[in-house]
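Enquirer: This is the structure, below, for whatever I ask next.
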Amino acid sequence: MIFKLDYGEDITQAITEECRRKKIKSAYLFFIGAVQKATIGYYNQKTKKYKKIFINKPMEIVSGVGNISVKEEKIFLHAHVSLSDANGKMSGGHLFSPTIVFACEVFIIKNRRKLVRKFDKQTGLFLWQR
Ligand code: ZN
Numbered sequence: 703m704i705f706k707l708d709y710g711e712d713i714t715q716a717i718t719e720e721c722r723r724k725k726i727k728s729a730y731l732f733f734i735g736a737v738q739k740a741t742i743g744y745y746n747q748k749t750k751k752y753k754k755i756f757i758n759k760p761m762e763i764v765s766g767v768g769n770i771s772v773k774e775e776k777i778f779l780h781a782h783v784s785l786s787d788a789n790g791k792m793s794g795g796h797l798f799s800p801t802i803v804f805a806c807e808v809f810i811i812k813n814r815r816k817l818v819r820k821f822d823k824q825t826g827l828f829l830w831q832r
């Protein structure tokens, strides 16, 4: 499946909603485009908390990769982005909201295997069951 996100939409919300509408519970995905502003995160492995980084300027989405699985019975998007600024300088990390679309093309490939996330004590993250 391939679709575009609209100007002003939030990437995480828009992709998650599209997957809910299409009942896609397991998939991997890619997206490219540009954002008006972004929120990315770095997971601190010691404190087990995300540090959020707010980028309040237009950036290119050089690469967006992610997957869809089920977390606490809801369809859940996990995505990471590489963003570049006007000088080609890169920033990247875990994708958070709000990250606002300027233009965005999304490619989703469905998975047959059901993927469910469960809380993992060691990492403090919701990880897939083996
Ligand atoms: Zn992540």
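The numbering used here applies: residue 703 is where the sequence shown begins, and numbers increase by one. Ideal Cβ placement from N, Cα and C applies to all residues, glycine included.
#1: In angstroms with no decimal places, state the Cα-to-Cα distance between Leu-827 and Met-761.
#2: Under the DSSP definition of a beta bridge, which residues are partnered with Asn-769?
#3: Say the cut is 8 Å; is the CB of Gly-710 nearer than that to a heavy atom of the ligand ZN?
#4: For Ile-777 and Lys-727, I'd like the C-alpha separation in whole angstroms.
#5: Using CA atoms only, rank isn't needed, just tell me which of Phe-821, Lys-724, Gln-738, Arg-722 is closest to Asp-708.
Expert: Checking against the coordinates, here is how it stands:
#1: 28 Å
#2: Tyr-730, His-780
#3: no
#4: 6 Å
#5: Gln-738
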